[in-house]
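S.K.: Residues in the sequence shown are numbered from 570 upward in steps of one, following my numbering.
For glycine and all other residues, C-beta sits at the position ideal for the given N, C-alpha and C.
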Amino acid sequence: MTAGEEFAKQKRRASVKKHFGQDLSSLIDSKDYPSCPGTFKDCPSEIKDPKDPPRQCKTCPKYVNSEFYTPPKRELPEFIRKMYEEKG
570 MTAGEEFAKQ
580 KRRASVKKHF
590 GQDLSSLIDS
600 KDYPSCPGTF
610 KDCPSEIKDP
620 KDPPRQCKTC
630 PKYVNSEFYT
640 PPKRELPEFI
650 RKMYEEKG
């Protein structure tokens, strides 16, 4: 694991701790997504496509820490995108 990945993992842990008000390290470290239905009360009973999970799963620490999670791509602001287009 690179330093950047380790930092991202620690940042996710802090975010989850802030959101839920407690340390959920055991939950975050679990690598059992998608066979983990039932972690929270609003979890689906079955996850059919692990790469396209239900809405509830997208904020679950197990999904975020799994191999199926891909971070959202950030869009460049319009003026920066135009600068790259002019140079290219």
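Closest to D618 by CA distance: which of A583, Y632, F576 is it?
M.R.: The shortest C-alpha separation from D618 is found at Y632.
S.K.: Just mark Y653 as buried or exposed, buried being the case when its beta carbon has 16 or more other beta carbons within 10 Å.
M.R.: Y653 is exposed by the Cβ-count criterion.
S.K.: Candidates P641, E636, T608: which alpha carbon is nearest Q625's?
M.R.: The candidate whose alpha carbon is nearest that of Q625 is T608.
S.K.: Judging by CA-CA distance, which residue of T571, C629, G573, F648 is the nearest neighbour of S584?
M.R.: Considering only alpha carbons, the answer is C629.
S.K.: Using alpha carbons as the reference points, say which of D611, F576, F637 lies closest to Y602.
M.R.: The shortest Cα separation from Y602 among D611, F576, F637 belongs to F637.
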